[in-house]
Every structure is written in C-alpha cells, then in structure tokens.
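Protein chains in written order, with numbering that gives the first Met the number 0: chain A, 0 to 405; chain B, 0 to 167.
For every residue, glycine included, the Cβ atom is placed at its ideal position computed from N, Cα and C.
Following: one structure in structure tokens, then a few remarks.
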Amino acid sequence: MAESRDDFIIAIRSAFLKKSTKQKFSLLTLVFFSIVIIVLSSFNFKVINVTKSIIKEVVYRSSFIVSVPENLIKSSYYNVNEYTNYYKEYKLTKEELDQLKSENISTKIIRIENDELKSLIDGYTTTSNKILAKVIVDHESPFLRSIIINKGSKEKIKIGTNIYDRSYLVGRVIEVNYTNSRVLLLTDLNSNIPVSITPGNVQAIVVGDGDKKGEIRYIKNDLINKIDDKGIAYTSGTGSIFKSGIPVGTVDLKDESEKILINFYSDFTQLKYVFAEINELAPTSVETKENDQTESSSNTEQIKLDLISDELQILEESNNKFLEENKELNNLTNELKKQIEILKKENYFQKNAIQQHNLDQEELEFLRLNLIYSSKCQSKKLFSTGFKVGTPEYKECIMQKGKISD
Amino acid sequence: MIRFQKKNLLYKIYTWFPILALFISVFNEFDLNYLNIDYFSFNFPFILIFYFSLKEYQRFDYFLVFLAGLVNDTVVGLPLGLSSLSYILICIFATYLRNITISPNLIKDWFYFLFIISLINSINYSVLFLFFSYELDITFFIINNFFTFIFYIIFSVFFKRYLKSLDD
Numbered sequence: 000m001a002e003s004r005d006d007f008i009i010a011i012r013s014a015f016l017k018k019s020t021k022q023k024f025s026l027l028t029l030v031f032f033s034i035v036i037i038v039l040s041s042f043n044f045k046v047i048n049v050t051k052s053i054i055k056e057v058v059y060r061s062s063f064i065v066s067v068p069e070n071l072i073k074s075s076y077y078n079v080n081e082y083t084n085y086y087k088e089y090k091l092t093k094e095e096l097d098q099l100k101s102e103n104i105s106t107k108i109i110r111i112e113n114d115e116l117k118s119l120i121d122g123y124t125t126t127s128n129k130i131l132a133k134v135i136v137d138h139e140s141p142f143l144r145s146i147i148i149n150k151g152s153k154e155k156i157k158i159g160t161n162i163y164d165r166s167y168l169v170g171r172v173i174e175v176n177y178t179n180s181r182v183l184l185l186t187d188l189n190s191n192i193p194v195s196i197t198p199g200n201v202q203a204i205v206v207g208d209g210d211k212k213g214e215i216r217y218i219k220n221d222l223i224n225k226i227d228d229k230g231i232a233y234t235s236g237t238g239s240i241f242k243s244g245i246p247v248g249t250v251d252l253k254d255e256s257e258k259i260l261i262n263f264y265s266d267f268t269q270l271k272y273v274f275a276e277i278n279e280l281a282p283t284s285v286e287t288k289e290n291d292q293t294e295s296s297s298n299t300e301q302i303k304l305d306l307i308s309d310e311l312q313i314l315e316e317s318n319n320k321f322l323e324e325n326k327e328l329n330n331l332t333n334e335l336k337k338q339i340e341i342l343k344k345e346n347y348f349q350k351n352a353i354q355q356h357n358l359d360q361e362e363l364e365f366l367r368l369n370l371i372y373s374s375k376c377q378s379k380k381l382f383s384t385g386f387k388v389g390t391p392e393y394k395e396c397i398m399q400k401g402k403i404s405d
Numbered sequence: 000m001i002r003f004q005k006k007n008l009l010y011k012i013y014t015w016f017p018i019l020a021l022f023i024s025v026f027n028e029f030d031l032n033y034l035n036i037d038y039f040s041f042n043f044p045f046i047l048i049f050y051f052s053l054k055e056y057q058r059f060d061y062f063l064v065f066l067a068g069l070v071n072d073t074v075v076g077l078p079l080g081l082s083s084l085s086y087i088l089i090c091i092f093a094t095y096l097r098n099i100t101i102s103p104n105l106i107k108d109w110f111y112f113l114f115i116i117s118l119i120n121s122i123n124y125s126v127l128f129l130f131f132s133y134e135l136d137i138t139f140f141i142i143n144n145f146f147t148f149i150f151y152i153i154f155s156v157f158f159k160r161y162l163k164s165l166d167d
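Rendered as structure tokens:
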C-alpha cells in the first residue's frame with residue numbers, strides 16, 4: 000500500500016518538477032506563471048494594460064499574416080458558392096432594388112423630420128462619421144463570437160463604438176488597442192441588444208444564441224402575441240449601448256422550440272470590411288445661440304434653408320412622380336372610356352337584334368294562327384260578326400284563337 | 000517516400016513540425032468552423048500537445064506550448080493565461096501517464112485523453128463562468144470535447160507516422 004503511494008508521489012513529482020535536458024522551465028513553474036498572468040490580467044493597472052495591448056497588437060498582426068492561406072481557402076469556398084447562386088441572386092436583387100428606389104424618397108423625408116425632432120428633444124445633434132475598417136482576424140471560435148478590426152484608439156474608436164455592415168448593425172467594440180480593436184458580434188451569448196419590434200412597437204432584448212441567430216428574451220408575456228412573423232427589429236437606443244433606429248433583423252417564429260428568434264440582416268461569417276461609427280456631440284442651434292447670437296442665427300438660418308431646400312427637392316421629386324402617375328392614370332381612364340363606348344354600341348345593336356327577333360316571332364305566330372282562325376275572324380256581309388282583314392281587332396281576334404271580345 | 004538529408008534546413012524545419020503546427024493552429028483557430036456544420040468543432044492543440052508530451056518528443060518545448068496558450072487567448076479573446084494553464088495541465092497529465100505506464104496502449108491513452116480534456120474543459124468553463132462572468136453554452140463545450148476525443152485517434156495515426164519517419 001505504502002509502496003504504491005510512493006510510486007504515485009514519485010510520478011507526480013516527476014511530472015511537475017523533472018526537467019528534461021531540452022526543457023527550459025519545469026511544468027510547475029509554467030503553471031505558476033499561467034496563474035500569475037490570469038490574476039494580473041484581471042487587475043486594471045496601466046502597466047498590465049499596456050503590456051496586454053502590445054501583446055495583442057503583435058498577435059493580431061501575426062494572426063492576420065498566418066491566416067492568409069486559410070482565408071484564401073475560405074474565400075475560394077465562398078466564391079464557388081456565390082457563383083452557383085449568381086443568377087438567382089441577381090434577379091432577387093433587381094426586384095429588391097426597384098422596391099428600394101421607390102421607398103427611398105419617403106425615407107429621406109422621414110430622416111429629415113427625424114433629425115429636426117431629435118435636435119429639438121435632445122438639445123444636441125450627433126454628427127456621425129463612419130470609417131471603413133478591415134476585418135483582420137475572424138476565426139469564428141465556437142465559444143466566443145468576435146472579430147478584430149484594423150482601427151483602434153488612433154482613429155478615435157472607443158469601447159462601445161457601434162460597428163456596421165453597410166447600414167446593418169454588426170456589434171460593438173469591447174476592447175481597444177492603438178491600431179486595432181475587438182468587436183463583439185451580435186450572435187455572441189454575451190451580446191444584449193435593446194430592440195423595438197414593428198409592427199406593434201414591442202420593446203425587447205435580443206441575446207445572441209452563440210451560433211447564427213439572436214433570441215428575443217426579456218419581454219412581457221402579454222406582448223408576445225403582438226409579435227408577427229417577419230416583423231422588423233431595430234435598436235431602441237435604450238441604455239445608450241446602441242444608437243436608436245438601426246436595423247437589426249427580422250423575426251422568425253418558425254422555430255420548433257417555441258423560441259422567438261431573430262434572423263440578422265448581416266451574414267457575420269462573410270465580413271471583410273465594416274464601418275465604425277464615430278459619434279461626436281455637437282450643440283444644437285438653440286445652445287449655440289446663447290454663445291454667439293449672430294453667428295448661430297446665420298447658421299440656423301442656413302441649416303433651415305438647407306433643410307427647406309432639401310424638402311423642396313424631395314417634394315418636387317415626389318410631385319413629378321405623382322404627375323407621371325396622374326398622366327398614366329388619365330391615359331388609362333381615356334382608354335377605359337373608349338372601351339365603354341364600344342361596349343355600349345355593341346349592346347345597342349344586340350338589343351335591336353333581340354327586339355327584331357321578338358317581332359319576327361310574333362309575326363310568325365300570327366301567320367300560323369291566321370291560317371287556322373281567319374274564317375272565324377273575317378267579316379261577312381250578311382252576318383257582320385267578324386272584322387276587316389288588316390285591322391288591329393282582326394289581329395287580336397286571330398291571336399286569341401278566333402274568340403271575339405266584347 | 001521523401002527522405003531528408005540530416006542537418007539539412009528542411010529536415011530541421013521538419014523536426015520542428017509539432018511546434019509549428021501548434022502555432023499555426025492557435026493563430027488560425029484551426030477547427031474547420033467555416034464549414035458551417037452546426038456545433039461541429041474540435042480542439043486541435045489539445046490533441047497535439049497531449050500526443051507529443053506523452054511521447055516525450057524532445058523538440059516539444061513546454062515554454063513554447065505556454066506561449067502558444069497566450070497567443071490562443073489573445074486570438075480567441077479569453078482571459079490571458081487561461082489557455083496556457085490548460086495546455087500546461089495537459090502536459091502534466093500526459094507526463095504523469097508516461098511515468099506510470101510500462102507498456103503503452105493507444106486505446107488506454109485515448110480514454111485517458113477523454114478524461115483529461117473533460118476535466119480541463121470543465122475547469123475552463125468554471126473559471127470563465129464564475130470568475131469572469133462569461134455567458135457560455137455548455138453544449139458547445141460538450142460537443143467540442145466529444146469531437147476532440149474522436150479526432151485524437153485519427154491524428155495519432157498521422158503523428159505516429161511522423162515520429163516513425165524521424166526515427167528512420
């Protein structure tokens with residue numbers, strides 16, 4: 000018994016402490032190092048942060064270079080997939096484009112109205128400047144969904160900066176280094192997005208499912224029925240984590256597990272370039288007025304004039320569109336009128352034909368009866384009981400089959 | 000079969016293959032995730048480290064394994080030092096198994112490997128969940144554990160050939 004315990008201790012000691020000739024450190028030393036690093040990295044000291052930042056800069060750059068062959072294979076795989084679906088996608092895109100063109104004008108009007116109202120409510124306007132960033136590391140870890148972009152504090156990126164793929168929300172920055180940053184994607188389990196869902200204006204929180212979709216959580220039970228399939232989810236701006244009004248995805252109620260899922264607009268596996276939105280607060284016309292009355296008034300006037308000219312331009316565009324539509328409708332009305340006229344004429348001819356046909360039928364019947372009952376209805380000189388041939392009384396007598404009415 | 004002239008540069012690189020493969024895999028997060036197979040993932044570094052520690056391959060420097068762990072943490076976004084600790088623990092367990100084993104058996108090693116990776120993944124999950132408040136899906140860990148276990152036997156065949164080619 001004691002012998003086997005000794006063997007166990009020897010094996011453990013050997014595993015932890017024995018250093019073979021080529022090894023620089025014993026395993027126990029390295030375990031100790033690892034624990035020290037874990038503990039130190041959880042502290043928020045400047046020296047540690049700078050060291051971490053340097054390590055990350057080096058590793059991200061190296062990872063980008065090392066990933067080149069793998070990325071090449073990946074992109075070829077996606078390219079082949081894309082080419083197979085090229086024509087189908089082209090047709091769908093064309094249809095979508097037509098629809099979007101028609102919606103664009105009304106969106107412009109709404110955006111301008113929205114800006115005006117926001118500036119009135121908040122007292123300031125945000126001037127956003129979207130900068131293009133390249134995704135340098137995207138390894139789709141099974142546990143954490145994040146990407147590394149090549150823009151950092153040098154380009155004024157901060158923790159919480161919203162990241163977009165075109166105009167769709169992709170995630171937010173959770174770690175900033177000097178020339179790069181880590182973005183937590185919306186699909187990550189740690190990602191919580193306050194959203195509004197239309198129609199119904201239902202407020203909810205979308206949490207990433209760790210895979211490709213999001214799940215709607217933290218919603219009042221009585222509001223669940225208000226949510227429609229294919230409803231649109233956009234950021235509500237609650238908690239100031241994300242800017243309000245950014246499209247996130249569409250509701251998917253077809254899930255078998257009775258979860259309410261969100262299909263994100265953007266495909267996070269295909270991100271090559273993204274936009275980082277750098278927001279800066281600018282005082283509104285009202286605040287500026289207090290500081291510099293003359294300058295601000297001229298600025299306000301200019302802004303108003305710009306807005307009005309924009310509105311005017313949009314109104315003109317919509318007016319032209321309406322005029323065109325009106326013209327088309329007029330043409331259509333004229334054509335319809337012509338068709339009605341033709342139909343009326345046809346109707347008249349048909350009516351006449353029917354009438355004539357009825358008369359002919361009546362005449363035929365008279366002639367048939369005349370052959371049978373003419374002797375009864377004709378007038379005789381001696382006994383004047385009948386009528387003179389050709390008179391209406393004679394015809395009536397024939398039609399009544401020889402009966403003479405009083 | 001390709002034969003290298005000893006002391007040739009290419010041969011030297013070839014002898015460093017395990018460490019090179021380890022670094023390439025941690026830089027790339029090599030787990031075939033882009034195939035978009037639901038839940039499919041495996042931990043290649045675990046397989047590699049366990050196998051070469053078990054075989055006491057001389058070029059397999061533990062300090063470099065430790066550095067690979069740091070790189071992995073940075074790339075994946077885990078707290079710095081966690082993967083290093085996992086990798087070093089694998090080395091320790093593999094060394095312990097080597098010390099107590101007189102006649103090696105692949106199947107026994109395989110099931111011992113399952114025990115080790117389950118233990119280490121449990122430690123990782125607990126540390127991340129309890130100390131760093133990470134929201135994690137345990138299903139991913141279980142499936143990753145399972146595939147890593149399955150793939151061990153496949154990779155061990157290749158690694159065995161590799162070691163044999165060096166002996167020749």
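Just the Cα atoms here: how many angstroms apart are Lys343 of chain A and Ala352 of chain A?
When rounded, the separation of the alpha-carbon atoms in Lys343 of chain A and Ala352 of chain A is 14 angstroms.
Please check if any C-beta of chain B sits within less than 8 angstroms of the C-beta of Phe32 of chain A.
The C-beta of Phe32 of chain A comes closer than 8 angstroms to at least one C-beta of chain B.
On the three-state DSSP scale, how would you describe Leu26 of chain A?
DSSP places Leu26 of chain A in helix when its eight states are reduced to three.
Just checking: is the beta-carbon of Pro78 of chain B within a distance shorter than 8 angstroms of some beta-carbon in chain A?
Judged by the 8 angstroms Cβ criterion, Pro78 of chain B is in contact with chain A.
C-beta atoms of Val172 of chain A and Thr160 of chain A nearer than 8 angstroms:
In contact: Val172 of chain A and Thr160 of chain A (Cβ atoms closer than 8 angstroms).
Select from the segment 164-181 of chain A all residues with a C-beta closer than 9 angstroms to any C-beta belonging to chain B, and list them in chain order.
Cβ contacts with chain B come from Ile173, Glu174 and Arg181.
I'd like the span of the beta strand (DSSP E) that includes Ile196 of chain A, first residue to last.
Its beta strand (DSSP E) spans residues Asn191 to Thr197.
Given a threshold of 16 other Cβ atoms within 10 Å of its Cβ, counted over all protein chains shown, does Glu133 of chain B qualify as buried or as exposed?
Just to set this straight, residue 133 of chain B is Tyr in the shown sequence, not Glu. Under this definition Tyr133 of chain B is a buried residue.
Out of B:Thr94, B:Ile142, B:Tyr61 and B:Phe41, point me to the one whose CA is closest to Ser33 of chain A's CA.
Nearest in C-alpha terms to Ser33 of chain A, of all of B:Thr94, B:Ile142, B:Tyr61 and B:Phe41, is B:Tyr61.
Alpha carbon to alpha carbon, what distance is there between Leu119 of chain A and Ile139 of chain B?
Strictly speaking, residue 139 of chain B in this sequence is Phe, with Ile absent from that position. A straight line joining the alpha-carbon of Phe139 of chain B with that of Leu119 of chain A spans about 48 angstroms.
Spell out whether any CB of chain B is found under 8 angstroms from the CB atom of Asn455 of chain A.
This structure leaves residue 455 of chain A out entirely; chain A is present only between 0 and 405.
For Leu183 of chain A, which residues of its own chain have a beta-carbon under 7 angstroms away from its beta-carbon, when the five flanking residues on both sides are left out?
Taking Leu183 of chain A as the centre and dropping the five residues before and after it, the same chain places the C-beta of Ser145, Gly170, Arg171, Ile173, Asn189 and Ser190 closer than 7 angstroms to its C-beta, in chain order.
Does the distance from the C-beta atom of Leu162 of chain B to that of Lys54 of chain B stay below 8 angstroms?
The Cβ-Cβ distance between Leu162 of chain B and Lys54 of chain B falls below 8 angstroms.
How many angstroms separate the CA atom of Lys407 of chain A from the CA atom of Ser166 of chain A?
Nothing about residue 407 of chain A can be read from this structure; chain A reaches only from 0 to 405.
Spell out the partners DSSP gives Lys163 of chain B in its beta bridges.
Paired residues: none, contrary to the question.
Excluding five sequence neighbours on each side, which residues of the same chain lie with their C-beta closer than 7 angstroms to the C-beta of Pro365 of chain A?
Per the sequence shown, residue 365 of chain A should be read as Phe rather than Pro. Lys394, Ile397 and Met398, listed in sequence order.
In chain order, what residues of the segment 131-156 of chain B put their CB closer than 9 angstroms to some CB of chain A?
Residues passing the 9 angstroms Cβ filter: Phe131, Ser132, Tyr133, Glu134, Leu135, Asp136, Thr138, Phe139, Phe140, Ile142 and Asn143.
Please list, in chain order, the chain A residues whose beta carbon lies closer than 8 angstroms to that of Leu84 of chain B.
Per Cβ cutoff of 8 angstroms: Val30, Ser33, Ile34 and Ile37.
Expected contact under 8 angstroms - CB spacing of Val273 of chain A and Asp187 of chain A to nearest Å:
The C-beta distance from Val273 of chain A to Asp187 of chain A rounds to 15 angstroms, too long to meet the 8 angstroms contact threshold.
Going along chain B in order, which residues have a C-beta closer than 8 angstroms to the C-beta of Ser41 of chain A?
Ordered by position in chain B, the residues that pass the 8 angstroms Cβ test against Ser41 of chain A are Pro78, Phe130 and Phe131.
Quick one: what's Gly170 of chain A bridged to in DSSP?
Beta-bridge pairing by DSSP links Gly170 of chain A to A:Ile162 and A:Leu184.
Quick one: Cα of Asp251 of chain A to Cα of Leu270 of chain A, how far?
Computed Cα separation, rounded: 23 angstroms.
Exposed unless 16 or more other CB atoms sit within 10 angstroms - verdict on Asp305 of chain A:
By the neighbour-count rule (16 or more Cβ atoms within 10 Å), Asp305 of chain A is not buried but exposed.
My output table needs one value for Glu134 of chain B: the three-state DSSP class, helix, strand or coil.
The answer is coil: DSSP assigns Glu134 of chain B none of H, G, I, E or B.
Consult DSSP for Val247 of chain A and reduce its assignment to one of helix, strand or coil.
If DSSP states are grouped into helix, strand and coil, Val247 of chain A belongs with the strands.
In the structure shown, what three-state DSSP assignment does Arg216 of chain A receive?
If DSSP states are grouped into helix, strand and coil, Arg216 of chain A belongs with the strands.
Quick one, which residues of the segment 57-73 of chain A are near chain B if we go by CB-CB under 8 angstroms, in chain order?
The residues in question are Val58, Tyr59, Ser61, Ser62, Val65, Ser66, Glu69 and Lys73.
Residues of the segment 91-124 of chain B with a CB closer than 7 angstroms to any CB of chain A: list them in chain order, please.
Those residues of the segment 91-124 of chain B that come within reach of chain A (Cβ to Cβ, closer than 7 angstroms) are Ile91, Thr94, Tyr95, Asn98 and Ile99.
With Val206 of chain A as the anchor, note down where its beta strand (DSSP E) starts and where it stops.
Counting along the chain, Val206 of chain A sits inside the beta strand (DSSP E) bounded by residues Val201 to Gly207.
Hey, would you say Lys51 of chain A sits closer than 8 angstroms to Ser40 of chain A, going by beta carbons?
Contact flag set, yes.
Beta-carbon separation of Val206 of chain A and Tyr233 of chain A under 8 angstroms?
Cβ distance not < 8 angstroms, so Val206 of chain A and Tyr233 of chain A don't count as in contact.
Amino acids of chain B, ordered along the chain, whose beta-carbon sits closer than 8 angstroms to that of Ala10 of chain A:
Ordered by position in chain B, the residues that pass the 8 angstroms Cβ test against Ala10 of chain A are Tyr95, Asn98 and Ile99.
Do the segment 101-110 of chain B and the segment 61-79 of chain B meet, that is, are 3 or more Cβ pairs less than 8 angstroms apart?
With contact defined as three or more Cβ pairs closer than 8 angstroms, the segment 101-110 of chain B and the segment 61-79 of chain B are not in contact.
Name the DSSP bridge partner or partners of Thr234 of chain A?
Thr234 of chain A is bridged to A:Val194.
Per the DSSP calculation, Tyr272 of chain A is bridged to which residue(s)?
Beta-bridge pairing links Tyr272 of chain A to A:Lys133.
Val175 of chain A (DSSP reduced to helix, strand or coil)
In this structure, Val175 of chain A counts as strand in the three-state DSSP scheme.
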